[in-house]
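Engineer:
In our numbering, the protein residues as written are 522 to 761.
Next up, the structure:
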């Protein structure tokens, strides 16, 4: 751990009003090392430099605190988690969270299982599967207080994947890296059909940088009609 400076990361977290223990810092270093190691065998991320990962993956994932009181005890699902961003990062920083990580690629789930085991993390579930399958009635439908996603997809498509997982009065937060006024306009119908309502956007730069970020906040006001999400591929090909 001595080879890595934590100064920049800790300053970023200070701006987010997040305090970590020495053990949590060690877990983030270990997470980084495993990410780089596994990235040589499979494509987990194009970002591999230490400072870049700490800023653009870890700090970025934790910026959720700008939009949601993550300190309360809630159940969270991360849809399309990839290498664990933001879900596993949130779990390390806020161990009280009950986190489910969902991804459609088995190799990524194997990576996450390895990280979870080596870091000694508990109360986190990994699932290999598609959102269209697991959001059906009788599975994980409307089971979570909060759904988060950093997946790259338009907001109408993401809403169809994510809102079915959210309990009534729960929240879906989409991480975006650009201004999306036109995308939002196109997504409003889908959000409404799926039982949600756009309640805000939190626009900011990541701490100590000029990297723009946008957290889009959608509240679940009504149960999602049972016909959504549609069968695999349709939400992406034909957004609502």
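We treat Cβ as the ideally placed atom computed from N, Cα and C, and that holds for glycine.
Taking only runs of the beta strand (DSSP E) that begin and end inside the segment 591-662, which ones reach a length of at least 3 residues, in chain order?
Structural biologist: Here the runs fully enclosed are 596-600, 619-624, 645-649.
Engineer: Taking just the CA atoms, how far does residue 677 sit from residue 522?
Structural biologist: Counting from one through the chain shown, the residue named residue 522 turns up at place 1. Counting from one through the chain shown, the residue named residue 677 turns up at place 156. Unreliable positioning characterises residue 522 in this predicted model, as indicated by a pLDDT of 47, which lies under 50. The coordinate reading is nonetheless provided below. If you take the alpha carbons of residue 522 and residue 677, they lie about 42 Å apart.
Engineer: Does DSSP put residue 564 in a helix, in a strand, or in coil?
Structural biologist: Taking the first residue of the chain shown as position 1, residue 564 is located at position 43. Coil, per DSSP.
Engineer: With DSSP collapsed to three states, give me the class of residue 533.
Structural biologist: Taking the first residue of the chain shown as position 1, residue 533 is located at position 12. Correct three-state label for residue 533: helix.
Engineer: Return the chain-ordered list of same chain residues with a C-beta closer than 8 Å to the C-beta of residue 681, the five sequence neighbours on each side being excluded.
Structural biologist: Translated into positions along the chain shown, residue 681 becomes position 160. For residue 681, where only same-chain residues beyond five positions count, the Cβ hits under 8 Å are 711, 715, 749, 750, 751, 756, 760, 761.
Engineer: Would DSSP call residue 724 helix, strand or coil?
Structural biologist: Looking up residue 724 in the chain shown gives position 203. Three-state result, residue 724: strand.
Engineer: Which whole-angstrom value describes the C-beta separation of residue 597 and residue 537, a residue pair presumed to lie in contact below a C-beta threshold of 8 Å?
Structural biologist: Position 76 of the chain shown, counted from the first residue, corresponds to residue 597. Position 16 of the chain shown, counted from the first residue, corresponds to residue 537. Not quite, the Cβ-Cβ distance comes to about 17 Å (not below 8 Å), so this is no contact.
Engineer: Closer than 8 Å by C-beta to residue 700: which residues in its own chain qualify, once you throw out the five before and the five after it? Chain order, please.
Structural biologist: As a first step, residue 700 is located in the chain shown; it is residue number 179 there, counting from the start. These residues qualify, in order along the chain: 724, 733, 735.
Engineer: Tell whether a beta-carbon distance below 8 Å holds between residue 753 and residue 629.
Structural biologist: Sequence index remark: in the chain shown, residue 753 carries index 232 (1-based). Sequence index remark: in the chain shown, residue 629 carries index 108 (1-based). No, they are not a contact pair.
Engineer: List the whole-angstrom C-beta distance separating residue 720 from residue 740, where the pair is believed to meet the contact cut-off of C-beta under 8 Å.
Structural biologist: The residue given as residue 720 occupies position 199 in the chain shown. The residue given as residue 740 occupies position 219 in the chain shown. Residue 720 to residue 740, Cβ: 5 Å. Contact.
Engineer: For the beta strand (DSSP E) that contains residue 740, what are its first and last residues?
Structural biologist: To locate residue 740, count along the chain shown from 1; it is residue 219. Unbroken beta strand (DSSP E) run through residue 740: 733-741.
Engineer: Buried or exposed: which applies to residue 673, given that a residue is buried once 16 or more other Cβ atoms fall within 10 Å of its Cβ?
Structural biologist: Translated into positions along the chain shown, residue 673 becomes position 152. Exposed, by the Cβ-count rule.
Engineer: Drop a sphere of 10 angstroms on the beta-carbon of residue 671, count the other beta-carbons inside from all chains shown, and report buried for 16 or more, exposed for fewer.
Structural biologist: As a position in the chain shown, residue 671 is number 150, starting the count at 1. Residue 671 should be labelled buried.
Engineer: For residue 612, which residues in the same chain have their Cβ closer than 7 Å to its Cβ, ignoring the five residues on either side in sequence?
Structural biologist: If you number the chain shown from 1, residue 612 lands on position 91. Cβ neighbours of residue 612 beyond the five flanking positions: 618, 620, 642, 645.
Engineer: Less than 8 Å between the beta carbons of residue 555 and residue 657, yes or no?
Structural biologist: Locating residue 555 in the chain shown gives position 34, where the first residue counts as 1. Locating residue 657 in the chain shown gives position 136, where the first residue counts as 1. It is not a contact, given that the beta carbons lie outside the stated cut-off.
Engineer: Thinking C-beta only, is residue 610 closer than 8 Å to residue 582?
Structural biologist: Residue 582 sits at position 61 when you count from the first residue of the chain shown. Residue 610 sits at position 89 when you count from the first residue of the chain shown. Yes, they are a contact pair.
Engineer: By Cβ distance below 7 Å, which residues in the same chain neighbour residue 563 in space, the five residues on each side in sequence not counted?
Structural biologist: Residue mapping note: residue 563 aligns to position 42 of the chain shown, counting from 1. Once the five neighbours on either side are set aside, the close Cβ partners of residue 563 are 628.
Engineer: Would you kindly work out how many angstroms separate the C-alpha atoms of residue 531 and residue 746, rounded to a whole number?
Structural biologist: Position 10 of the chain shown, counted from the start, is the residue given in the question as residue 531. Position 225 of the chain shown, counted from the start, is the residue given in the question as residue 746. Answer to the nearest angstrom: the Cα atoms are 44 Å apart.
Engineer: Identify the continuous beta strand (DSSP E) that holds residue 695 and give its terminal residues.
Structural biologist: By 1-based counting over the chain shown, the position of residue 695 is 174. That run of the beta strand (DSSP E) goes 687-697.
Engineer: Does the Cβ-Cβ distance between residue 528 and residue 580 come in under 8 Å?
Structural biologist: For this step, residue 528 is matched to residue 7 along the chain shown. For this step, residue 580 is matched to residue 59 along the chain shown. Against a cut-off of 8 Å, the Cβ pair of residue 580 and residue 528 comes out as no contact.
Engineer: Identify which residue in 683, 604, 592 has its Cα closest to the Cα of residue 559.
Structural biologist: The sequence position of residue 559 within the chain shown is 38, counting from 1. The shortest C-alpha separation from residue 559 is found at 604.
Engineer: Where does residue 717 land, buried or exposed, given buried means 16+ other C-beta within 10 angstroms?
Structural biologist: Numbered from its first residue, the chain shown carries residue 717 at position 196. Counting Cβ neighbours within 10 Å, residue 717 comes out buried, since at least 16 surround it.
Engineer: Less than 7 Å between C-beta atoms, sequence neighbours within five positions excluded: which residues of the same chain meet that for residue 595?
Structural biologist: Mapped onto the chain shown, residue 595 falls at position 74. Excluding residues within five positions, the ones whose Cβ falls inside 7 Å are 618, 666, 667.
Engineer: Buried or exposed: where does residue 601 fall if 16 or more other Cβ atoms within 10 Å of its Cβ makes it buried?
Structural biologist: Taking the chain shown and counting its residues from 1, one reaches residue 601 at position 80. By the 10 Å Cβ count, residue 601 comes out buried.
Engineer: Between which two residues does the alpha helix (DSSP H) containing residue 713 stretch?
Structural biologist: To locate residue 713, count along the chain shown from 1; it is residue 192. It spans 702-714 - the alpha helix (DSSP H) in which residue 713 sits, taken as one unbroken run.
Engineer: Where does residue 674 fall in DSSP's three states?
Structural biologist: As a working note, residue 674 is residue 153 in the chain shown. Coil.
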